[in-house]
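A.B. asks:
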Amino acid sequence: MMARRPSTVCVSSRAASGEAAPRSTPGSPLIATERESWREYTREVLTLRWVATTLFVVALPLFLVLTNVRIAALWPPVHEYSFARYDGAATTGVERAELDRAAREIIDYFGNDEELLDIEVTVDGEQAPLFSEREVLHMRDVKWLMQATFRVHEIAFAVLVLYVTVALVRRRGQAVAQVAGLLRVAGVLTVVLLGVAAAAVLVGFDDLFRQFHVISFANDLWKLSPARDHLIQMYPRGFWFDVTLAVGLVSALEGALLAAAGHAYLVFAQRERRRTPGLQAAE
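The structure is reproduced here in structure tokens:
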């Protein structure tokens, strides 16, 4: 809903025709109507600003976290870390080179149109499917979840860009200070939320990991056996713990840097206004 200024067309048209405008007195119906119009206009403007500000503050932590989730999901070295750190070749009985190739195919699968993941590897000189039917069906669910995550990530980015663009157009000289203030707030919020999340992960990662799967998936295909299922052997519990902490730590660091940058700009701008009288009015 666009906020519209109260109209003054009626008064202006009277003045243009030479007709005397009606004289308003305190308490008259005309004054009361004008005041109510301004109140409504002000409420609409404040509501729009509150909604836009809230969206920005929420979108920034979401964007930071999902950016790092996306990197972790699509960057081959992250997958290779699991195979090296948790000895995937020995656990699965599949050569390391084959696991690395499988990881690249999984990454491609997250972005292509294939419904089912079909990976074959060489074991003892023979070609064999890497994953069982249960694992393949679970990966279909994982793909849907990853693509939904990517869309939310893109929406968060669009919200941030749109807010900054509108601020630059409407606020001009004050836009940078406005965005800097929100960066400070959203950055601090990011650090606080991720600090709480990190404490929860350190105390009860296994329960949280299980609840994540219960909430994210409508079936129990995610319940795999470490003794026989290659998927959980390639990406064991320890890997997910490491990645979760890494994503949280990097995102919190990014939030802290943005908060510090926003705060530094506001301090600098305040000092400049004190040194240059009239600068604030000029903005």
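Mapping the sequence shown onto this note's numbering, position 233 (from 1) lands on 481, and the numbers just tick up by one. From the three backbone atoms N, C-alpha and C, an ideal C-beta is built for every residue, glycine too.
Would you mind listing the alpha helix (DSSP H) stretches within the stretch 280-357 that are 4+ residues and don't spill past its ends, in chain order?
C.D. replies: 324-333, 336-340, all fully within the stretch 280-357.
A.B. asks: Quick one: give me the first and last residue of the beta strand (DSSP E) that Ala376 is part of.
C.D. replies: That run of the beta strand (DSSP E) goes 374-377.
A.B. asks: Using CA atoms only, rank isn't needed, just tell me which of Glu363, Ile355, Val342 is closest to Val371.
C.D. replies: That would be Val342, whose Cα lies nearest to the Cα of Val371.
A.B. asks: In the DSSP assignment, find the unbroken alpha helix (DSSP H) run with Glu402 in it and report its ends.
C.D. replies: Unbroken alpha helix (DSSP H) run through Glu402: 381-418.
A.B. asks: Starting from Thr370, follow its DSSP beta bridges and name the residues at the other end.
C.D. replies: Gln375, per the DSSP bridge assignment.
A.B. asks: For Leu479, report the span of its alpha helix (DSSP H) as first-last.
C.D. replies: Start and end: 478-482.
A.B. asks: Look at Arg432 and Ala332 and say whether their C-beta atoms are less than 8 Å apart.
C.D. replies: Contact: no.
A.B. asks: DSSP three-state label for Ala445, please.
C.D. replies: It is helical.
A.B. asks: Is it buried or exposed, Phe311, if we count other Cβ atoms within 10 angstroms and call 16 or more buried?
C.D. replies: Per the 10 Å Cβ criterion, buried.
A.B. asks: On the CB-based measure, 16 or more other CB atoms within 10 Å of its CB, does Thr340 come out buried or exposed?
C.D. replies: With 16 or more Cβ atoms within 10 Å of its Cβ, Thr340 is classed as buried.
A.B. asks: Which value, in whole angstroms, describes the spacing of the CA atoms of Ala406 and Val400?
C.D. replies: In a straight line, the C-alpha of Ala406 is about 10 Å away from that of Val400.
A.B. asks: Out of curiosity, what's the CA-to-CA distance linking Gly486 and Val299?
C.D. replies: Distance between the alpha carbons of Gly486 and Val299 is about 40 Å.
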